[in-house]
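Enquirer: Chains as they are written, first to last, in the UniProt record's numbering: chain A, 1 to 90; chain B, 1 to 90. Here a beta-carbon is modelled for each residue, glycine too, at the ideal position from N, C-alpha and C. Predicted model only: the values in this text are computed from it and were never measured. Right, I'll just put the structure down here and ask away after.
2 protein chains.
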Amino acid sequence: MGFQESLKAMSDKTRREILNLLKNGDMTAGDIAAHFSMTQATVSHHLSVLKDGGLVTDRREGKYIFYELNTSVIEEIMAWLIELKGVDKQ
Amino acid sequence: MGFQESLKAMSDKTRREILNLLKNGDMTAGDIAAHFSMTQATVSHHLSVLKDGGLVTDRREGKYIFYELNTSVIEEIMAWLIELKGVDKQ
DNA sequence: TATACATTTAGATATATTTCTAAATGTATA
DNA sequence: TATACATTTAGAAATATATCTAAATGTATA
Numbered sequence: 001m002g003f004q005e006s007l008k009a010m011s012d013k014t015r016r017e018i019l020n021l022l023k024n025g026d027m028t029a030g031d032i033a034a035h036f037s038m039t040q041a042t043v044s045h046h047l048s049v050l051k052d053g054g055l056v057t058d059r060r061e062g063k064y065i066f067y068e069l070n071t072s073v074i075e076e077i078m079a080w081l082i083e084l085k086g087v088d089k090q
Numbered sequence: 001m002g003f004q005e006s007l008k009a010m011s012d013k014t015r016r017e018i019l020n021l022l023k024n025g026d027m028t029a030g031d032i033a034a035h036f037s038m039t040q041a042t043v044s045h046h047l048s049v050l051k052d053g054g055l056v057t058d059r060r061e062g063k064y065i066f067y068e069l070n071t072s073v074i075e076e077i078m079a080w081l082i083e084l085k086g087v088d089k090q
């Protein structure tokens with residue numbers, strides 16, 4: 001889990017949509033998958049890429065596994081973008 | 001050129017290094033390529049991906065082609081990240 | 001404990017990406 | 001105008017990614 005994995009994770013449209021969904025609160029893998037027309041296995045793969053990138057965390061509650069947005073990584077990416085933009089050229 | 005292409009472009013380490021180089025000012029394709037151990041053709045490919053993502057622009061000056069960082073796209077990405085992070089949870 | 005439900009993992013296939021070498025293009029200059 | 005230099009484009013090979021189906025895992029409950 002690092003910068004590389006975080007950006008790779010964000011570079012896919014489906015995964016960005018998952019992140020947008022999680023903005024409104026934690027969701028189970030099943031509920032997330034229900035928003036897409038691909039198989040649950042495929043969505044599960046995307047969730048694991050997001051997890052590798054540190055963009056989400058998961059926790060089990062009984063039969064269900066809940067996914068939650070992790071914003072600390074997002075701040076790291078923003079810091080890089082701000083640095084890239086350059087303080088002098090705003 | 002859109003959000004998807006911009007993030008795809010940023011998701012590669014070599015391309016992020018190119019962006020970091022261009023932070024310090026415009027550079028020719030040759031000077032950029034000199035910073036890497038891959039062929040000029042490969043670096044040229046990366047530059048074209050960055051261009052597709054709107055992250056750089058190029059201009060010819062005689063024999064040379066100069067590349068320049070384009071920061072407006074970066075702001076668009078930052079806006080998404082800020083939105084993702086959520087105003088309420090800072 | 002057998003069954004059902006929620007989810008992930010394994011293995012396969014198709015598509016995309018990275019990289020290379022060789023050839024092509026555009027510009028300057030002897 | 002022939003040649004050299006800077007760079008890109010074309011085409012091929014290797015690797016990575018997205019997706020599927022089928023099987024495995026983990027948990028709850030009849």
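Are the C-beta atoms of B/Gly86 and some chain A residue less than 8 Å apart?
Expert: It does: the Cβ of B/Gly86 has a partner Cβ on chain A nearer than 8 Å.
Enquirer: Reducing DSSP to helix, strand and coil, say where B/Phe3 ends up.
Expert: The answer is helix: DSSP assigns B/Phe3 an H, G or I state.
Enquirer: Check A/Met27 in the structure and name its three-state DSSP category.
Expert: Residue state, collapsed to three classes: strand.
Enquirer: Look at the alpha carbon of B/Tyr64 and the alpha carbon of A/Val43, and state the distance between them as a whole number of angstroms.
Expert: Looking at the two C-alpha atoms, the distance is approximately 46 Å.
Enquirer: Could you work out which residue in A/Thr28, A/Asp12, A/Asn20 and A/Gln40 is closest to A/Gly62 when comparing CA atoms only?
Expert: Nearest option by C-alpha distance: A/Thr28.
Enquirer: By Cβ distance below 8 Å, which residues in the same chain neighbour A/His46 in space, the five residues on each side in sequence not counted?
Expert: Same-chain partners within the cutoff: Asp12, Thr14, Arg15 and Ile18.
Enquirer: Kindly indicate if chain A contains any beta-carbon less than 8 Å away from that of B/Ile74.
Expert: Yes, B/Ile74 lies at the interface with chain A (some Cβ there is under 8 Å from its Cβ).
Enquirer: Report the start-end ranges of each beta strand (DSSP E) in the segment 57-87 of chain A that is 3 residues or longer and not cut off at the edges.
Expert: Within the segment 57-87 of chain A, the complete beta strand (DSSP E) runs of at least 3 residues are 64-69.
Enquirer: Near B/Lys8, which residues of its chain fall below 8 Å by C-beta distance, leaving aside the five closest residues on each side in sequence?
Expert: Excluding positions up to five away in sequence, the list reads Val49 and Gly53.
Enquirer: For A/Asp52, which of helix, strand or coil comes out of DSSP?
Expert: Here A/Asp52 sits in helix by DSSP.
Enquirer: For B/Leu7, go through chain A and note every residue whose CB falls closer than 7 Å to its CB, in chain order.
Expert: Residues of chain A passing the Cβ test: Met10 and Ser11.
Enquirer: For A/Thr71, which residues in chain B fall below 8 Å Cβ to Cβ?
Expert: Near A/Thr71 (Cβ distances below 8 Å), the residues of chain B are Leu84, Lys85, Gly86 and Lys89.
Enquirer: Within 8 Å (strictly less), CB to CB, does B/Ile32 reach chain A?
Expert: Not closer than 8 Å to any Cβ of chain A, the Cβ of B/Ile32 fails to qualify, so no.
Enquirer: Under the rule that 16 or more other beta-carbon atoms within 10 Å means buried, what is A/Ile32, buried or exposed?
Expert: Under this definition A/Ile32 is a buried residue.
Enquirer: Who are the neighbours of B/Ile18 on chain A, taking C-beta pairs under 7 Å?
Expert: Neighbours of B/Ile18 on chain A: none; closest Cβ ~11 Å, over 7 Å.
Enquirer: Where B/Gln4 and A/Ser6 are concerned, what is the direct C-alpha to C-alpha distance, given to the nearest angstrom?
Expert: Roughly 15 Å between the two C-alpha positions.
Enquirer: Suppose the cutoff is 8 Å on Cβ atoms and the five residues either side in sequence are ignored; what does the same chain contact list for A/Met10 look like?
Expert: Excluding residues within five positions, the ones whose Cβ falls inside 8 Å are Arg16, Leu19, Gly53, Leu55 and Ile77.
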